[in-house]
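Numbering (this note's numbering), first residue to last: 526 to 971. All remarks here apply to the structure that follows.
Here's what the structure looks like:
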């Protein structure tokens, strides 16, 4: 249960801080991985990027089982029901293991067909299918780990998931360098080395997570004898909560993928500029993610304790803190866009356009903060349908149709795509706020 002796802002920062650092670790390893693979051939770059995107998107969709687990575990912890929380955690992770075996096996068997369906270049197909087969071994561990980390966060501990990310990602960066380029006596393996490094890092991260869960040191105590005992009603509730969250991930990632293909039609410089500015803006999402995690945990635990007033106050304070942090980043984007973009590329044409995009992106930072944290609070309360509905509306009614018109009908420059993004997030923040203010989340029983 959340300790009430500390001021509310401190409680939130204790939860949000490690979550922000965890996201920073993931961003750093993604940047380092991209930079090292970027020294290989164009076919390697395309194959690895596509394979990694497919693997992580798949893991995020099925790992969304952790969203329901977070809400239910937090509710039990808030009510002082640690044994109930542990039993639920055991069942959720068991389901995650079964899902990972099924998804990973199908993916490994079909990796050649998947790449042949998506790509024409035979070299990209060969490298990509090889990469996917190897990293999918890690998915056997990654999906259960994502669920395990979500459960640990729901119990009020965000440090262990951060520690897991540190171990996995530091290993990944070092192993990438050693195996891709052939250092310390290892042969240079290129893309194969990148795949081995990523897959092994996922296994290492999972070991840290599950060591903690089985160590009996935290509020959640897993026991092997409980992992094969399933309570059907609890599992139905878990799946009912998690399914909309998985569909939300699928919608968001699918929308980004489709719109990226469309934006590529605007030309090489426009697409490069868009990709660079997206990479730069991704740094700003870290505070939003951290405070969303804090809001989800605190809302769930306070509702379990029957304290709706503190659940509401926790959400409002988390939104305020996220808006302050991301608003400050937005100011930097607006005032120093060229300086920031020059850190990502030395291509003058692309940097000039990317800087314009990033300056526009400054206007969406506070709406993103509001949308992310409010979504986290709703999910922590057990309302996963609301955020999914908002995602569905903003992607199908704003992002996709407006980008299609901008690219194929009006042939607008890429900066217009960013104004569309601003519009999407303003609407998303508004709809999330309306959903939260209506108070349906207060009546949800878990």
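Virtual Cβ for every residue (Gly too), placed ideally from N, Cα, C.
Practice problem: Quick one: measure Cβ to Cβ for residue 898 and residue 820, integer angstroms, because I've assumed they're closer than 8 Å. | Solution: If you number the chain shown from 1, residue 898 lands on position 373. If you number the chain shown from 1, residue 820 lands on position 295. So it is a contact: roughly 5 Å between Cβ atoms.
Quiz item: First and last residue of the alpha helix (DSSP H) that includes residue 909?
Solution: Counting from one through the chain shown, the residue named residue 909 turns up at place 384. Run containing residue 909: none; DSSP gives neither H nor E here.
Quiz item: Taking the continuous alpha helix (DSSP H) assigned at residue 937, which residues delimit it?
Solution: Locating residue 937 in the chain shown gives position 412, counting from the first residue. Taken as a continuous stretch (DSSP letters only), residue 937 belongs to no alpha helix (DSSP H), as it is neither H nor E.
Practice problem: Inspect the beta-carbon positions of residue 795 and residue 939 and report whether they are closer than 7 Å. | Solution: Counting from one through the chain shown, the residue named residue 795 turns up at place 270. Counting from one through the chain shown, the residue named residue 939 turns up at place 414. Yes, they are a contact pair.
Practice problem: Given a cut-off of 7 Å, decide if residue 896 and residue 802 are closer than it, judged by their beta-carbon atoms. | Solution: Within the chain shown, the letter at position 277 stands for residue 802. Within the chain shown, the letter at position 371 stands for residue 896. No, the Cβ-Cβ distance between residue 802 and residue 896 is not below 7 Å.
Self-check item: Three-way DSSP call (helix, strand, coil) for residue 647 in this model
Solution: For the purposes of this step, residue 647 is taken as the residue at position 122 of the chain shown. Three-state result, residue 647: helix.
Quiz item: Skipping 5 residues on each side, what residues in its chain have a beta carbon closer than 7 Å to that of residue 875?
Solution: Taking the first residue of the chain shown as 1, we reach residue 875 at position 350. Closer than 7 Å at the Cβ level, and outside the excluded window around residue 875, lie 794, 797, 798, 801.
Quiz item: Which residue spans inside the region 805-837 form an unbroken alpha helix (DSSP H) run of at least 4?
Solution: 810-829
Quiz prompt | Range covered by the alpha helix (DSSP H) that runs through residue 864 | solution = Looking up residue 864 in the chain shown gives position 339. It spans 862-867 - the alpha helix (DSSP H) in which residue 864 sits, taken as one unbroken run.
Quiz item: Nearest to residue 860 by alpha carbon, out of 886, 908, 871, 544?
Solution: Within the chain shown, residue 860 is the residue found at index 335, counting from 1. Checked all of 886, 908, 871, 544; the closest Cα to residue 860 is 886.
Self-check item: Rounded Cβ spacing between residue 576 and residue 657 (contact assumed at less than 8 Å)
Solution: In the chain shown, the residue the question calls residue 576 occupies position 51. In the chain shown, the residue the question calls residue 657 occupies position 132. With 8 Å as the limit, residue 576 and residue 657 qualify as a contact, their Cβ atoms being about 4 Å apart.
Practice problem: Run the proximity test for residue 638: is its beta-carbon closer than 6 Å to any non-hydrogen atom belonging to the ligand GDP? | Solution: As far as ligands go, the structure on display features none, and thus does not contain the ligand GDP.
Practice problem: Can you say whether residue 569 is buried or exposed, counting buried as having 16 or more other CB atoms within 10 angstroms of its CB? | Solution: Your numbering for residue 569 matches position 44 in the chain shown. By the neighbour-count rule (16 or more Cβ atoms within 10 Å), residue 569 is buried.
Quiz item: By the 10 Å Cβ neighbour count, where 16 or more other Cβ atoms means buried, how is residue 933 classified, buried or exposed?
Solution: Taking the first residue of the chain shown as position 1, residue 933 is located at position 408. It counts as exposed.
Quiz item: With distances taken from CA atoms, which of 964, 948, 839 is nearest residue 496?
Solution: This structure does not reach residue 496, given that the chain is present from 526 up to 971, and the question cannot be answered.
Exercise. Classify residue 968 as buried or exposed, calling it buried when 16 or more other Cβ atoms lie within 10 Å of its own Cβ.
Key: Mapped onto the chain shown, residue 968 falls at position 443. When all chains shown are included, residue 968 counts as exposed.
Quiz item: Hey, how far is the Cα of residue 545 from the Cα of residue 634?
Solution: Along the chain shown, one-based indexing puts residue 545 at 20. Along the chain shown, one-based indexing puts residue 634 at 109. If you take the alpha carbons of residue 545 and residue 634, they lie about 36 Å apart.
Quiz item: From which residue to which residue does the alpha helix (DSSP H) around residue 966 run?
Solution: Sequence index remark: in the chain shown, residue 966 carries index 441 (1-based). Note, residue 966: premise wrong, no alpha helix (DSSP H); not H, not E.
Practice problem: Compute the distance between the beta-carbons of residue 521 and residue 816, then report whether it is under 7 Å. | Solution: This structure gives no information on residue 521, because the portion of the chain shown stretches from 526 to 971.
Quiz item: Closest to residue 681 by CA distance: which of 868, 827, 924 is it?
Solution: The sequence position of residue 681 within the chain shown is 156, counting from 1. When each option's Cα is compared against that of residue 681, the closest is 827.
Self-check item: First and last residue of the uninterrupted alpha helix (DSSP H) at residue 926
Solution: In the chain shown, the residue the question calls residue 926 occupies position 401. First-last of the alpha helix (DSSP H) with residue 926: 925-929.
Quiz item: In chain order, what residues of the same chain have a beta carbon less than 6 Å from the beta carbon of residue 661, not counting five sequence neighbours either side?
Solution: Along the chain shown, one-based indexing puts residue 661 at 136. Result list for residue 661: 629, 632, 633, in chain order.
Quiz prompt | Span of the alpha helix (DSSP H), counted from its first residue to its last, around residue 507 | solution = Missing from the structure shown is residue 507; the chain here goes from 526 to 971 and no further.
Exercise. Using the Cα positions of residue 646 and residue 566, report the straight-line distance between them to the nearest angstrom.
Key: The residue labelled residue 646 in the question sits at position 121 within the chain shown. The residue labelled residue 566 in the question sits at position 41 within the chain shown. Cα to Cα, residue 646 sits roughly 13 Å from residue 566.
Quiz item: Between which two residues does the alpha helix (DSSP H) harbouring residue 697 extend?
Solution: Here residue 697 is taken as the residue at index 172 of the chain shown, counted from 1. It spans 684-706 - the alpha helix (DSSP H) in which residue 697 sits, taken as one unbroken run.
Exercise. Return the CA-CA distance between residue 612 and residue 624, expressed in angstroms with no decimal places.
Key: Translated into positions along the chain shown, residue 612 becomes position 87. Translated into positions along the chain shown, residue 624 becomes position 99. So the alpha carbons of these two residues sit roughly 19 Å apart.
Quiz item: Cα-Cα, which of 690, 852, 601, 650 is closest to residue 892?
Solution: Looking up residue 892 in the chain shown gives position 367. Of 690, 852, 601, 650, the residue nearest in Cα terms is 852.
Practice problem: Note down, in chain order, each residue of its chain lying with its Cβ closer than 6 Å to the Cβ of residue 765, except the 5 sequence neighbours on either side. | Solution: Within the chain shown, numbered from 1, the residue matching residue 765 stands at position 240. Closer than 6 Å at Cβ, skipping near neighbours: no residue.
Exercise. For residue 658, name the three-state secondary structure that DSSP assigns.
Key: On the chain shown, residue 658 is found 133 positions in, with the first residue counted as 1. It is helical.
Practice problem: Give the range of the alpha helix (DSSP H) segment to which residue 774 is assigned. | Solution: Residue 774 sits at position 249 when you count from the first residue of the chain shown. It spans 757-788 - the alpha helix (DSSP H) in which residue 774 sits, taken as one unbroken run.
Quiz item: Who are the near neighbours of residue 855 in its chain, counting only those whose CB is closer than 6 Å to its CB and skipping five residues on each side?
Solution: To locate residue 855, count along the chain shown from 1; it is residue 330. 887, 890.
Exercise. Could you check the C-alpha separation between residue 910 and residue 638 for me, to the nearest Å?
Key: Here residue 910 is taken as the residue at index 385 of the chain shown, counted from 1. Here residue 638 is taken as the residue at index 113 of the chain shown, counted from 1. Their backbone Cα atoms lie some 34 Å apart in a straight line.
Quiz item: Can you give, in chain order, each stretch of the beta strand (DSSP E) that sits fully within the region 570-598 and has at least 3 residues?
Solution: none
Self-check item: Endpoints, alpha helix (DSSP H) assigned at residue 737
Solution: Position 212 of the chain shown, counted from the first residue, corresponds to residue 737. 716-739 is the extent of the alpha helix (DSSP H) around residue 737.
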